[in-house]
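Student: The structure follows.
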Amino acid sequence: MGFTAMKKPIELAGVTKHIGVPRKRSEDPQILMGQAKYVDDIKLPDTLEIAFFRSTHAHARIKSLKLDAAKKHPDCIHIFTNEDFSAGATTFFPNTRGTLHPVLMPFFAHGKVRFVGEIIAAVVAPSRYIAEDIVDLIEVEYETLPAYNDVEDAMQPDAVLIHEDLESNVYYADSFSNGDVDKAFSEADLVVSEKITTGRTSAAPMETRGVMAAWGWDDTLTVWSSTQMPYPLRTSIAVNLGISEQTIRVVAPTVGGGFGQKAHFFPEEFILPWIAKEIKQPVKWIEDRREHLLSASHAKQCTIYMNIAFMKDGTMVGMKIKNIGDSGAYSQYPWSGLIESVAANNGAPGAFTVPNISFETVVCLTNKMSTGAYRGVGWSAGCYAREMVMTKAARLLDLDIVEIYRKNFIRHDEFPYTTSTNQTYDSGDYHKVLEKCMEMSDYEQTKKQPRSTKDGKLRGVGIAFFVEQTNWGSRSAEESGFPATLHDTTTVEMDPTGKVTVRSGQFSHGQGLKTTLAQVAAETLGVPFDDVVVLDGDTATGAYGMGTFASRSAVIGGGSVIRAATDVRNKLLTIAAHVMEANAADLEVDEGKIYVKGSPDRSMTVAEIAYITYYDRFTRPDEDEVEPTLTATRHYDPPAAYA
0 MGFTAMKKPI
10 ELAGVTKHIG
20 VPRKRSEDPQ
30 ILMGQAKYVD
40 DIKLPDTLEI
50 AFFRSTHAHA
60 RIKSLKLDAA
70 KKHPDCIHIF
80 TNEDFSAGAT
90 TFFPNTRGTL
100 HPVLMPFFAH
110 GKVRFVGEII
120 AAVVAPSRYI
130 AEDIVDLIEV
140 EYETLPAYND
150 VEDAMQPDAV
160 LIHEDLESNV
170 YYADSFSNGD
180 VDKAFSEADL
190 VVSEKITTGR
200 TSAAPMETRG
210 VMAAWGWDDT
220 LTVWSSTQMP
230 YPLRTSIAVN
240 LGISEQTIRV
250 VAPTVGGGFG
260 QKAHFFPEEF
270 ILPWIAKEIK
280 QPVKWIEDRR
290 EHLLSASHAK
300 QCTIYMNIAF
310 MKDGTMVGMK
320 IKNIGDSGAY
330 SQYPWSGLIE
340 SVAANNGAPG
350 AFTVPNISFE
360 TVVCLTNKMS
370 TGAYRGVGWS
380 AGCYAREMVM
390 TKAARLLDLD
400 IVEIYRKNFI
410 RHDEFPYTTS
420 TNQTYDSGDY
430 HKVLEKCMEM
440 SDYEQTKKQP
450 RSTKDGKLRG
460 VGIAFFVEQT
470 NWGSRSAEES
480 GFPATLHDTT
490 TVEMDPTGKV
500 TVRSGQFSHG
510 QGLKTTLAQV
520 AAETLGVPFD
530 DVVVLDGDTA
540 TGAYGMGTFA
550 SRSAVIGGGS
560 VIRAATDVRN
570 KLLTIAAHVM
580 EANAADLEVD
590 EGKIYVKGSP
600 DRSMTVAEIA
610 YITYYDRFTR
620 PDEDEVEPTL
630 TATRHYDPPA
640 AYA
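First residue of the sequence shown: 0, per numbering that gives the first Met the number 0; consecutive thereafter.
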């Protein structure tokens, strides 16, 4: 099967100087030259290191914990347990789903462990190597309990409770229906049902998790974390540790991959700041790969009962779904253990018209690390289940899957289109995409090739259609089943020399935002690209934002840059109009030069106007007319978007 690469460049709306123009990424040289600083590269005097004593049982009561031998080690500085820091995680995200019990993970295990890898104690020592030796001296006596690896076992009425304060191991159950589903199924020519299970997986970023914390002489706290969400992490630390947020600085230095996994808050991100505050010394923890596989969030595991009703011509008339999500031992903070199953059900219709649909969402606890976000949350599982059933239906109806697609696609003239699960697609032409795919893959000839060859290889051709929700703002989150506030903020500042600083609430960990956001700012302001600097990943220098995840950065971060930069540009041109004795509407700004339309000789530089704004009160407009500053802060919370 051969594919032809697209050689025609993307056509942009209008002429652009920066947006869409190929450019070497600003952030790459420091990485390529080995100058980037990850959490483990942060060096402070007198830093101590931490190793965690973790559970080796999936489900057990802690009958006794003996620390005497460990404390006698000559290099043991401190050992902390639940007796020292008994606070449990507190969420500041509102619970918008009434039947959800939060089931938040404690920082240290409370008398019971619920998965292998759960933290029981933290050892502080001069080095990680010594701390690990001390961990080996800790003794614990367990009373083992039945451990559940499968949700359907954990759901049984006689199952041992993983959390005794719940009535069962199911901590969320909800249902949804649209249309006359029962009638659609009773009148259908064919009903295809499948039980689909998706395996448990985990992200494996180049850089594992890492946290460093330092308590300052002025009672301020600085936390370095390999996180995708610096600002929400700062707020969460303040809420959970009872520290004034204005005294906390969170820095996400260079981060070696996140993939959604680092868009969560973990116990280590609270334990280390608390220890730093207690002992008044910097502390560091860098996760090893084994710890990562045990105690960083897992993903994807769910059991889906997918039922689709068809007419003999391949038309889908109804869909019934039951999705049982495996949450692990806790509800992963902040997105909860619902994120996979709820998103899968809401996105189940995909690119197709499904007039009648019902689904049941059940989320159950098991004795594993909690599940959370990881690349294409929910959408991949929901798509996989639907496509498996549609492909089976094509065989049973003796139809090419392409014909079923054509019969059920949302038509181009129906956009914007609201699905039966209340997701609004703004645009699309699925028929055209399918035809292009078939043309590029030579589909008709490819499917005629023999399925097996003399060399023993089996060959086949498959097609699947995937609609992904992207651009996660508040509306996207709500349509996916998570009513959350997810706007972002940017501050754009032009200094007296005409140089521009973009203070972003987004954070780049591979996306190239220092380049793309600078391109957007340069385009909007009409200044050279090299005159723009983007600051991100540091709560001391940026603007409050929700983080970088779910394909949201270019749209939401870029949108707030456009808004703020437009405000600065408008003020710049208003001041220039006064100075140049022209109408602001008659002025253009391009590559650092402001000129009158049609009279390029009547011009001044952006730097000249910027200087006048800040320093020449005799030339600029009166302060009552225009404030003498070129700074603007704007937020952006876009409509839902689908790709």
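Note that the Cβ used here is the ideal one computed from N, Cα and C, for glycine as well.
These numbers were taken from a predicted model, which means no experiment stands behind them.
1. Distance check for Phe-184 and Val-432, CA to CA, integer angstroms please.
2. In the DSSP assignment, what residue or residues form a beta bridge with Val-519?
3. Suppose you measure from the CA of Ala-121 to the CA of Asp-67; what does that come to, to the nearest Å?
4. Express the C-alpha separation of Ala-640 and Lys-592 in angstroms, rounding to a whole number.
5. Using only the alpha-carbon positions, how far apart do Gln-481 and His-263 sit?
6. Buried or exposed: Ala-295, going by 16 or more other Cβ atoms within 10 Å of its Cβ?
7. Would you mind reading off the limits of the beta strand (DSSP E) that contains Asp-132?
8. Can you tell which of Gly-497, Cys-75 and Thr-488 has its C-alpha closest to the C-alpha of Ala-553?
9. Rank Arg-458, Thr-423 and His-486 by C-alpha distance to the C-alpha of Val-466 and give the top, closest one.
10. For Ala-172, collect the residues of the same chain with a Cβ closer than 8 Å to its Cβ; drop the 5 residues on either side in sequence, then sort them by chain order.
11. What are the uninterrupted segments assigned as beta strand (DSSP E) that are 3 or more residues long and contained completely in the stretch 435–502, given in chain order?
12. Determine the closest residue to Asn-569 out of Leu-485, Tyr-543, Phe-114 and Glu-587, with distance taken between C-alpha atoms.
13. What is the rounded straight-line gap between the Cα of Tyr-614 and the Cα of Val-501?
14. Can you tell me which of the three DSSP states Asp-188 falls into?
15. Determine the contact status of Gly-497 and Val-526, defining contact as a CB-CB distance below 8 Å.
16. Please go through the same chain and pick out, in chain order, the residues whose beta-carbon is closer than 6 Å to the beta-carbon of Leu-512, but skip the five residues on each side of it.
17. Taking 8 Å as the cut-off, decide whether the C-beta atoms of Ala-575 and Val-491 are in contact.
18. Identify whether Ile-161 lies in helix, strand or coil by the three-state DSSP scheme.
19. Which word fits Thr-302, buried or exposed, when buried means at least 16 other C-beta atoms lie within 10 angstroms of its C-beta?
20. How about Ser-340 and Gly-324: are their beta carbons less than 8 Å apart?
21. On the DSSP letters alone, give me the boundaries of the beta strand (DSSP E) that Gly-317 sits inside.
22. Could you compute how far the alpha carbon of Ala-50 sits from the alpha carbon of Phe-106?
23. Among Asn-306, Val-353, Glu-626 and Asp-27, which one has its Cα closest to the Cα of Ser-646?
24. Closest by CA to Arg-385, which one among Gln-444, Ala-347 and Val-578?
25. So Val-401 is in the alpha helix (DSSP H); what residue range does that whole segment cover?
26. Terminal residues of the continuous beta strand (DSSP E) containing His-77?
27. With burial defined as no fewer than 16 other Cβ atoms inside 10 Å of the residue's Cβ, what is the status of Val-567: buried or exposed?
28. By Cβ distance below 8 Å, which residues in the same chain neighbour Asp-179 in space, the five residues on each side in sequence not counted?
29. Check the DSSP bridge columns for Gly-544 and list the partner residues they point to.
30. What distance in whole Å lies between the Cβ atoms of Gln-518 and Arg-22, which are believed to be in contact at a cut-off of 8 Å?
31. Going by DSSP in three states, Pro-272 sits in which element: helix, strand or coil?
32. Check whether the Cβ atoms of Val-20 and Val-282 lie closer than 8 Å to each other.
33. State the start and end residues of the unbroken beta strand (DSSP E) segment that holds Pro-599.
34. Please go through the same chain and pick out, in chain order, the residues whose beta-carbon is closer than 6 Å to the beta-carbon of Ser-451, but skip the five residues on each side of it.
35. Work out the CA separation of Thr-420 and Trp-273 for me, nearest whole Å.
36. With DSSP as the reference, label Ser-559 as helix, strand or coil.
Tutor: On the basis of the supplied data:
1. 30 Å
2. DSSP lists no partner for Val-519.
3. 14 Å
4. 36 Å
5. Per the sequence presented here, residue 481 reads as Phe, with Gln not at that position. Each residue's alpha carbon lies about 15 Å from the other.
6. buried
7. That residue, Asp-132, is in no beta strand (DSSP E); its alpha helix (DSSP H) goes 127–134.
8. Nearest to Ala-553 by C-alpha distance, out of Gly-497, Cys-75 and Thr-488, is Thr-488.
9. The option with the nearest alpha carbon to Val-466 is Thr-423.
10. Thr-98, Glu-359, Thr-360, Val-361 and Val-362
11. 487–493
12. Glu-587
13. 22 Å
14. It is coil, neither helix nor strand.
15. yes
16. Gln-505 and Ser-552
17. Result no, Cβ atoms of Ala-575 and Val-491 do not sit closer than 8 Å.
18. coil
19. If you draw a 10 Å sphere on the C-beta of Thr-302, you find 16 or more other C-beta atoms in it, and that means buried.
20. yes
21. 315–327
22. 14 Å
23. For residue 646 there is no data in the structure shown, the boundaries of the chain being 0 and 642.
24. Selection Gln-444, Ala-347 and Val-578 evaluated against Arg-385 yields Ala-347 as nearest (Cα-Cα).
25. 400–407
26. 77–80
27. buried
28. Asn-355
29. Asp-487
30. About 7 Å separates the two Cβ atoms, so the contact holds.
31. DSSP places Pro-272 in helix when its eight states are reduced to three.
32. no
33. 598–604
34. Leu-457
35. 44 Å
36. helix
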